[in-house]
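J.: Okay, here's the structure, questions in a sec.
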Amino acid sequence: MSTLVTGAAGFIGSHVSQYLLNRGDTVIGIDNLNDYYDVNLKHSRLENLTHKNFTFIKIDISDKDEIDAIFKKHKIKKVVNLAAQAGVRYSIENPWSYLNSNLTGFLSIIEACRHNKIEHLVYASSSSVYGANTNLPFRVEDNVDHPLSLYAATKKSNELMAHCYSNLYQLPTTGLRFFTVYGPWGRPDMALFLFTKNILAKKPIQVFNYGNHTRDFTFIDDIVEGIIRVLDNTPKGNPEYDFSQSNPASSSAPYRLYNIGNNNPVKLMDYIQSIENALGMKAEIELLPLQKGDVPDTEADVSKLISDVGFKPETSVQDGINKFIKWFRDYYNC
-2 MSTLVTGAAG FIGSHVSQYL LNRGDTVIGI DNLNDYYDVN LKHSRLENLT HKNFTFIKID
58 ISDKDEIDAI FKKHKIKKVV NLAAQAGVRY SIENPWSYLN SNLTGFLSII EACRHNKIEH
118 LVYASSSSVY GANTNLPFRV EDNVDHPLSL YAATKKSNEL MAHCYSNLYQ LPTTGLRFFT
178 VYGPWGRPDM ALFLFTKNIL AKKPIQVFNY GNHTRDFTFI DDIVEGIIRV LDNTPKGNPE
238 YDFSQSNPAS SSAPYRLYNI GNNNPVKLMD YIQSIENALG MKAEIELLPL QKGDVPDTEA
298 DVSKLISDVG FKPETSVQDG INKFIKWFRD YYNC
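Residue numbering for the sequence shown follows our numbering, beginning at -2 and increasing consecutively.
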């Protein structure tokens, strides 16, 4: 059985691919290797995936014909779709790139899943879909009709598209709303990476919303464990479903949504202190106002993830940051 992992050179995608290979799966990894951030880091992640059961193909998921060919040639059975244009703030500056990757690309993948009778499509959504919601913790049953960025809107669109295909074609789909993922091999545009880099260089770190953010920081190993458990738990339809009692996370179709978060929000200033502790250095802090598109606070209700697949992320922030700092120092020799 072959599992397709899109975004395989990315932060989460490379970790998922490694987990699947370690347990004996055959993995087809695809990525367009774009230059949104350092391409050398993406190549380094791929070098870690050298394995007889791993095949890498450089391709953009919006290329429908090439995607169809890959599904047929490699007899794909399951798909983990992690390819997307990431970044809330970048979506304000470059909106068109999000439509191409997150909408057209997602359509290419889900159409290929439909025509090739894929057993299960698991795809990345985001905690950003909660947008202007202020009731914490965020629950998958909550209304998410008020996104604060185009990035969030494309992720919500993916959930809606997935439901259509689950309903029309009985295609099993599961969307995962990730909460602030961090850890070794992380993205250079994320706070932990930026803070660590600047502190080591004795440069100021930019702290938005005057440091009043809280975030449900989730360690990469916990994210991967959640993805794999969900991948192995294919949703089934429910013909007895009562649509008069419906909510965004449930359906008569084989369709599911889950939060994957640490369920333990941390104040941003405490997070920075944990980085300082790991580095043994103090940060010079530049306090700035809230940026457009940012959500002030996040917290994941993971009760549905616990009840359905028996998993709850538990890595502490200090442990996770320590592992990231060790990787960062080793990788950049600093």
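Quick reminder that beta carbons are idealized off the backbone N, C-alpha and C, glycines included.
1) Which residue's Cα is closest to the Cα of V9: Y162, N140, Y179 and G128?
2) Please work out which residues of its chain come closer than 6 Å, Cβ to Cβ, to D101, disregarding the five sequence neighbours upstream and downstream, and give them in chain order.
3) What's the gap between the Cα of D305 and the Cα of S248?
4) Which whole-angstrom value is the C-beta distance of L345 and I202, which I expect to be below 8 Å?
5) Would you report the Cα separation of N113 and P293, rounded to the nearest angstrom?
6) Measure the CB-CB distance between L43 and D32 and report whether it falls below 9 Å.
7) Quick one: using the 10 Å Cβ neighbour count with 16 as the cut-off for buried, is T3 buried or exposed?
8) One question on the structure: do L133 and P262 come within less than 9 Å of each other, judged by their Cβ atoms?
9) Considering only residues of the same chain and omitting the five flanking positions on each side of S124, which have a CB-CB separation below 6 Å?
10) Per DSSP, what kind of secondary structure is A115 in: helix, strand or coil?
11) Among A6, G183, L265 and A109, whose alpha-carbon lies nearest the alpha-carbon of L30?
12) Is the separation between the beta-carbon of T170 and that of L104 shorter than 9 Å?
13) Taking C-alpha atoms, which residue in A250, I220, T231 and N230 lies nearest to D239?
14) Return the residue from the list I115, K72 and L96 that minimises the CA-CA distance to A81.
15) If you count every other CB in all the chains shown that lies within 10 Å of the CB of L284, and 16 or more means buried, which is it?
16) Apart from the five residues just before and just after Y207, which ones in its own chain have a Cβ nearer than 6 Å to its Cβ?
17) Would you give the residue range spanned by the alpha helix (DSSP H) that L191 belongs to?
18) How far does the alpha helix (DSSP H) with F321 in it extend, from its first residue to its last?
19) Could I get the ranges of all uninterrupted alpha helix (DSSP H) runs contained in the stretch 108 to 159, with 4 residues as the minimum, in chain order?
20) Going residue by residue through the stretch 264 to 318, where are the continuous beta strand (DSSP E) segments of at least 3 residues, counting only ones entirely within it?
21) Can you give, in chain order, each stretch of the alpha helix (DSSP H) that sits fully within the stretch 222 to 260 and has at least 4 residues?
22) Evaluate S243 with the Cβ neighbour count: other Cβ atoms within 10 Å of its Cβ, from every protein chain shown; 16 or more gives buried, anything less gives exposed.
23) By a C-beta neighbour count over all protein chains shown, 10 Å radius and 16 as the cutoff for buried, is T215 buried or exposed?
24) Considering N19, what are the terminal residues of the alpha helix (DSSP H) in which it resides?
25) Which residues does DSSP pair with R42 in a beta bridge?
26) Is it buried or exposed, R212, if we count other Cβ atoms within 10 angstroms and call 16 or more buried?
27) Nearest to D336 by alpha carbon, out of D219, H12, D139 and L46?
T.: Quick look at the numbers:
1) Sequence check: residue 9 is Ile here, not Val. Looking at the Cα atoms, Y179 is the closest of the given residues.
2) Inspection of the sequence shows that residue 101 is occupied by Thr rather than by Asp. Answer for T101: S59, listed in chain order.
3) 15 Å
4) No statement about residue 345 is possible, as the shown extent of the chain runs from -2 to 331 and does not include it.
5) 41 Å
6) No; because the gap between Cβ atoms is not below 9 Å, this pair is not in contact.
7) buried
8) Yes, they are a contact pair.
9) Closer than 6 Å at Cβ, skipping near neighbours: R174, F176 and T295.
10) The question names Ala, but residue 115 is Ile in the sequence shown. I115 falls in the coil class under three-state DSSP.
11) A6
12) no
13) A250
14) L96
15) exposed
16) L284
17) Start and end: A188 to L197.
18) V314 to Y329
19) none
20) For the stretch 264 to 318, whole beta strand (DSSP E) runs of length 3 or above, ordered along the chain, are 282 to 284.
21) Complete alpha helix (DSSP H) runs here, min 4: none at all.
22) exposed
23) buried
24) F8 to N19
25) Per DSSP, none; premise fails for R42.
26) buried
27) Any question about residue 336 goes unanswered here, given that the chain covers just -2 to 331.
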